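Asks:
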Amino acid sequence: MNQKTLECTEVSKNFGSIAALHNVNLSLPEGKIIGLLGPNGSGKTTLIKLICGLLTPCEGSISICGHEPGPESKAIVSYLPERSYLPDWMTVLDCLDFFRDFYEDFDYEKAVGMLENLKVPAKARMKTLSKGTKEKVQLVLVMSRRARLYLLDEPIGGVDPAARDYILNTILRNYDENATVLISTHLIADIEMVLDEFIFLQNGQVVSYASTDSLREDLGKSIDTYFREVFRC
Amino acid sequence: MAWQFTGDRPIYIQMAEHITSGILKGEYQMGEKLPSVREFALMASVNPNTVQRALFELENMGLIETQRNTGKFVTLEESRIEMSRNEMGKALVADFIKSMKALGYSGEQIKDIFENERKAGESNESENA
Chain A
382 MNQKTLECTE
392 VSKNFGSIAA
402 LHNVNLSLPE
412 GKIIGLLGPN
422 GSGKTTLIKL
432 ICGLLTPCEG
442 SISICGHEPG
452 PESKAIVSYL
462 PERSYLPDWM
472 TVLDCLDFFR
482 DFYEDFDYEK
492 AVGMLENLKV
502 PAKARMKTLS
512 KGTKEKVQLV
522 LVMSRRARLY
532 LLDEPIGGVD
542 PAARDYILNT
552 ILRNYDENAT
562 VLISTHLIAD
572 IEMVLDEFIF
582 LQNGQVVSYA
592 STDSLREDLG
602 KSIDTYFREV
612 FRC
Chain B
3 MAWQFTGDRP
13 IYIQMAEHIT
23 SGILKGEYQM
33 GEKLPSVREF
43 ALMASVNPNT
53 VQRALFELEN
63 MGLIETQRNT
73 GKFVTLEESR
83 IEMSRNEMGK
93 ALVADFIKSM
103 KALGYSGEQI
113 KDIFENERKA
123 GESNESENA
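As given, the protein sequences belong to chains A and B, one line each in that order.
Residue numbers for the first sequence follow my numbering, beginning at 382 and rising by one.
Residue numbers for the second sequence follow my numbering, beginning at 3 and rising by one.
1) Kindly indicate if chain A contains any beta-carbon less than 9 Å away from that of residue 44(B).
2) With DSSP as the reference, please indicate the residues paired to residue 530(A) in a beta bridge.
3) Between the region 534-553 of chain A and chain B, which residues of the former have a C-beta closer than 9 Å to a C-beta of the latter?
4) What three-state label does DSSP hand residue 406(A) in the structure shown?
5) Would you say residue 494(A) faces chain B, with C-beta separation under 9 Å as the test?
6) With residue 31(B) as the anchor, note down where its beta strand (DSSP E) starts and where it stops.
7) Between which two residues does the beta strand (DSSP E) containing residue 476(A) stretch?
8) Please report the straight-line C-alpha distance between residue 496(A) and residue 95(B), rounded to a whole angstrom.
9) How about residue 10(B): is its C-beta nearer than 9 Å to some C-beta of chain A?
10) Give a yes or no on contact between the region 382-395 of chain A and the region 534-541 of chain A, applying the rule of three or more CB pairs nearer than 8 Å.
11) Which residues of chain C have a Cβ atom closer than 7 Å to the Cβ of residue 598(A), listed in chain order?
12) Along chain B, in chain order, which residues have C-beta atoms closer than 7 Å to that of residue 556(A)?
13) Between the Cα of residue 462(A) and the Cα atoms of 405(A), 564(A), 484(A), 477(A), which residue gives the shortest distance?
14) Below 7 Å on C-beta distance, what does residue 414(A) contact in chain B?
15) With C-beta atoms as the reference, is residue 593(A) less than 9 Å away from residue 409(A)?
16) Tell me, please, whether the region 104-113 of chain B touches the region 51-58 of chain B by the rule of three or more beta-carbon pairs shorter than 8 Å.
17) Can you give the Cα-Cα distance for residue 585(A) and residue 467(A), rounded to whole angstroms?
18) Tell me, please, which residues DSSP counts as bridged to residue 392(A).
19) So what's residue 69(B) in DSSP terms, helix, strand or just coil?
20) Beta-carbon separation of residue 22(B) and residue 60(B) under 9 Å?
21) Where do the ends of the beta strand (DSSP E) carrying residue 537(A) lie?
22) Between which two residues does the beta strand (DSSP E) carrying residue 587(A) extend?
23) Using Cβ-Cβ distances below 9 Å, what residues of the region 53-65 of chain B are close to chain A?
24) So residue 582(A) packs on residue 425(A), CB below 8 Å; how close in whole Å?
25) Using only alpha-carbon positions, find the residue among 414(A), 418(A), 421(A) that is nearest to residue 43(B).
26) Going along the chain, which residues of its own chain have a beta-carbon closer than 6 Å to the beta-carbon of residue 411(A), five neighbours each way excluded?
27) Can you pull the chain B neighbours of residue 593(A), defined as C-beta to C-beta under 9 Å?
28) Taking only the alpha-carbon atoms, compute the straight-line gap between residue 49(B) and residue 64(B) and give it to the nearest angstrom.
29) Does the region 24-40 of chain B touch the region 64-75 of chain B, meaning 3 or more C-beta pairs lie closer than 8 Å?
30) Can you give me the C-alpha to C-alpha distance between residue 520(A) and residue 487(A), rounded to a whole angstrom?
31) For residue 501(A), which three-state DSSP category applies?
32) Quick one: which chain A residues come within Cβ less than 7 Å of residue 7(B)?
33) Please list the partners that residue 602(A) has in chain B, where partner means a Cβ-to-Cβ separation under 8 Å.
34) Between the alpha carbons of residue 341(A) and residue 474(A), how many angstroms are there, rounded?
35) If we call anything under 9 Å between Cβ atoms a contact, is residue 548(A) one with residue 417(A)?
36) Are the C-beta atoms of residue 488(A) and some chain B residue less than 9 Å apart?
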């Protein structure tokens with residue numbers, strides 16, 4: 382049971398001469414909701430893409446519940462990309478079928494229920510949906526899997542505040558002791574209450590990894606305030 | 003609607019205070035079963051581990067008790083609840099005095115203004131009744 386959900390060891394990633402990530406060491410336990418925070422271009426999305434195997438590290442290694450990124454890890458990682466990849470011509474229900482075929486851990490009934498709660502028209506084609514509604518569909522698909530690690534890249538960026546609350550509650554409702562959720566976002570104040578821990582990335586390096594409550598205990602500051610201090614422009 | 007928390011103190015402590023005041027106000031009666039961790043987490047829109055920690059604090063204070071397999075219950079010991087009421091009341095008054103002093107009031111003036119406002123409040127209440 383001591384196995385970590387995610388282990389990154391000396392991970393570096395360069396794009397040509399640009400170092401997107403440099404010597405990242407992270408060890409994330411199971412059963413936590415963790416914020417991946419940092420200014421634009423700090424490497425958040427690159428890190429997430431490395432973990433889900435869309436990119437390969439130039440140096441170092443990544444392990445998800447003991448698996449290197451690959452088919453075994455993809456079966457237990459549920460990834461919400463920053464942009465939609467669902468084909469335009471599909472209906473929302475087609476997308477659900479698609480996910481049911483792809484992932485053994487996909488809970489179809491749960492997805493249908495969540496779509497209803499969010500008032501997403503299930504028979505509509507993806508191309509007819511607004512940007513925010515597309516994001517909701519995507520999130521429903523991702524959260525309806527029973528994964529060990531959820532990677533959510535900007536899950537609440539494009540949706541209205543009411544949907545934001547629903548999404549955060551969805552994350553809380555689906556929380557289970559074996560799963561870890563990694564959320565990247567700029568909207569720190571909105572998600573701060575649901576975070577156990579947070580990671581600050583800056584220029585491709587981890588500058589702090591701590592628990593939300595210890596920050597408040599030691600410095601008497603919220604993550605939002607601390608972020609504004611650390612990353613003052 | 004999520005509960006309101008301030009940024010300067012740990013959330014689990016604020017959460018514990020919130021539940022404590024719920025007990026003092028009688029929203030959670032003596033001996034009553036409390037909502038589960040998950041229910042609290044959804045009500046307050048906070049992390050379940052935070053709720054767990056808040057409940058642990060309350061249990062240490064003796065305000066709530068765990069009954070095996072059935073959940074957490076408000077204590078049946080009235081003295082425990084009274085003790086918490088005293089502590090919270092004292093803290094509120096201490097805050098009040100500190101703020102008044104910061105505004106430049108003396109101890110005697112605070113007493114007077116408190117007495118006046120208390121009377122005004124009472125007559126308002128009887129008018130409304």
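For each residue, glycine too, the CB sits at the ideal point set by N, CA and C.
Being a predicted model, the structure only gives us computed values, none of them experimental.
Replies: The relevant details are as follows:
1) At least one chain A Cβ lies under 9 Å of residue 44(B).
2) Bridge partners of residue 530(A): 458(A), 561(A).
3) If the cut-off is 9 Å between Cβ atoms, the region 534-553 of chain A has 546, 549, 550, 553 near chain B.
4) In this structure, residue 406(A) counts as strand in the three-state DSSP scheme.
5) Residue-level contact by beta carbon fails for residue 494(A) and chain B, as no gap is shorter than 9 Å.
6) Segment: none, residue 31(B) is in no beta strand (DSSP E) and carries neither H nor E.
7) Careful: residue 476(A) lies outside any beta strand (DSSP E), inside the alpha helix (DSSP H) at 473-483.
8) About 49 Å.
9) Residue 10(B) counts as touching chain A.
10) In short, these stretches do not touch, since the Cβ pair count stays below three.
11) In the displayed structure, chain C is absent; the protein chains listed are A and B.
12) Against chain B, the beta carbon of residue 556(A) has neighbours under 7 Å at 50, listed in chain order.
13) That would be 564(A), whose Cα lies nearest to the Cα of residue 462(A).
14) For the C-beta of residue 414(A), the chain B residues within less than 7 Å are, from N- to C-terminus, 49.
15) Against a cut-off of 9 Å, the Cβ pair of residue 409(A) and residue 593(A) comes out as no contact.
16) At 8 Å Cβ cutoff, the stretches do not touch.
17) Within the model, the alpha-carbon separation for residue 585(A) versus residue 467(A) is close to 29 Å.
18) According to DSSP, residue 392(A) bridges with 405(A).
19) DSSP places residue 69(B) in strand when its eight states are reduced to three.
20) Residue 22(B) is a Cβ neighbour of residue 60(B), given a cutoff of 9 Å.
21) Counting along the chain, residue 537(A) falls outside any beta strand (DSSP E), and DSSP gives it neither H nor E.
22) Run containing residue 587(A): 586-592, per the beta strand (DSSP E) assignment.
23) Residues of the region 53-65 of chain B with a C-beta less than 9 Å from any C-beta of chain A: 55, listed in chain order.
24) Contact flag correct, Cβ pair sits at about 6 Å.
25) Among 414(A), 418(A), 421(A), the Cα nearest to that of residue 43(B) is on 414(A).
26) Excluding residues within five positions, the ones whose Cβ falls inside 6 Å are 386, 559, 561.
27) One finds 12, 13, 49, 52 in chain B with Cβ atoms closer than 9 Å to the Cβ of residue 593(A), taken in chain order.
28) Cα to Cα, the separation comes out at about 23 Å.
29) The region 64-75 of chain B, when compared against the region 24-40 of chain B, does touch it at the 8 Å Cβ threshold.
30) Take the alpha-carbon of residue 520(A) and the one of residue 487(A): they are about 13 Å apart.
31) Coil at residue 501(A), not helix or strand.
32) By Cβ distance, chain A contributes 574.
33) In chain order: 9, 10.
34) With chain A running from 382 to 614 in the structure shown, residue 341(A) is simply not present.
35) It is not a contact, given that the beta carbons lie outside the stated cut-off.
36) Residue 488(A) is outside the set of residues whose beta carbon lies under 9 Å from a beta carbon in chain B.
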